[in-house]
Structures are given as structure tokens and as C-alpha cells.
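Numbering (the UniProt record's numbering), first residue to last: 1 to 167.
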């Protein structure tokens, strides 16, 4: 179990999710303490010190790149069947522009449905279905930010907390 937790910690480090290391090492260190493995404990605390420094620095600089969110809605029963009229939220890594994400979605669905058939709607206004061409696959893409109610916004203080483990 400890080996798997250490692997998880390595992945958290690689993905710059420094805050998650606190929880992982909180589970790992009692095992090393019980075994009196002070070299392993030293390594854990060294990694924790590094992670805490990274969190502190990034909170001070306010330049944490944790992801970008998009709402994607599909319109066109002839193309999307049961997905027509449904919306999905996508989280992209670090900083992904709306243009970059839209281009990637356009490429995916152009390959699926053919050239000249897919239309991207980049307006966040409600879509009037009567105005859509039924011969086209319409995809509305808008940038969104996580929203928290009054209680939750008090508990999610840091940039990490506002972008981690949300639904």
C-alpha cells in the first residue's frame, strides 16, 4: 500500500498538485514511523517541505495554472441523436484558450460528420432552436468559471481549492 501511495505522490508532484501531497504523506508517515525508517521519513518531510514552499510561492504570486473550463452544448438531432440539446463541462489542462479548444472540437466533429457540416456557436446566449439549420451540426462552446454558493466560497479560499475536486 505504501508503495502505491508513494507512486500517487509522485504523480501529484508531476501534475503540480502540491496540496494533495499533504494528505498522501499523512497516510504514509505513520508506516515509516512504526518501522523506524528515518531515511524514508526524511525523504517524506523533504518532499513535503518542497511542496509547501511551492504552494506558498504560488499563492503569493497568484499565478497558479490549474485548468480552464468550457461548457459544450450539442444541437442537431440528425447528428447528435440523444445528445442533441445536452450540455457537458470540460476541464482542460493549465491555460487553454477558447479558440484553441474550439478548434480542437471543430476538428473532431468535422472528421466525424464531414467538412462544412459543423458550426461552432461561440455566443453564450441561450440558443434559439428555431434559428438553427437542421442540415448542420451546431456546437455551442463557452468559457465558464466554477461557481460556489456563499458557504462553499468561504471554505474554498485558495486558487487550488477553487479548482480541485469540484463537480
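Here a beta-carbon is modelled for each residue, glycine too, at the ideal position from N, C-alpha and C.
All values reported here derive from a predicted model rather than from experimental measurement.
Problem - Inter-residue Cα distance where the pair is residue 6 and residue 35 - result: 16 Å
Exercise for the section: May I ask you to verify whether the region 143-150 touches the region 69-78, counting CB pairs closer than 8 Å and requiring at least 3? Expected result: yes
Practice task
Apply the 10 Å Cβ neighbour rule to residue 21 and answer buried if 16 or more other Cβ atoms are within range, or exposed otherwise.
Solution key: buried
Problem - Proximal residues to residue 113 (C-beta, below 8 Å), its chain only, five neighbours per side dropped - result: 79 and 137
Handout entry: Residues sharing a beta bridge with residue 73, DSSP
Key = 87 and 140
Handout entry: Pairwise C-alpha distance: residue 47 and residue 38
Key = 14 Å
Handout entry: residue 9 burial status per 10 Å Cβ neighbour count (16 or more: buried)
Key = buried
Practice task
Could you tell me the boundaries of the alpha helix (DSSP H) in which residue 171 lies?
Solution key: Lying outside 1 to 167, the shown extent of the chain, residue 171 is not represented and no answer is given.
Exercise for the section: Could you name the residues of the same chain whose beta carbon sits closer than 7 Å to that of residue 93, not counting the 5 residues immediately before and after it, in chain order? Expected result: 67
Handout entry: When 150, 105, 139 and 104 are compared against residue 84, the one with the closest alpha-carbon
Key = 139
Handout entry: Contacting residues, own chain, Cβ-Cβ under 7 Å from residue 2 (five flanking each side not counted)
Key = 28 and 31
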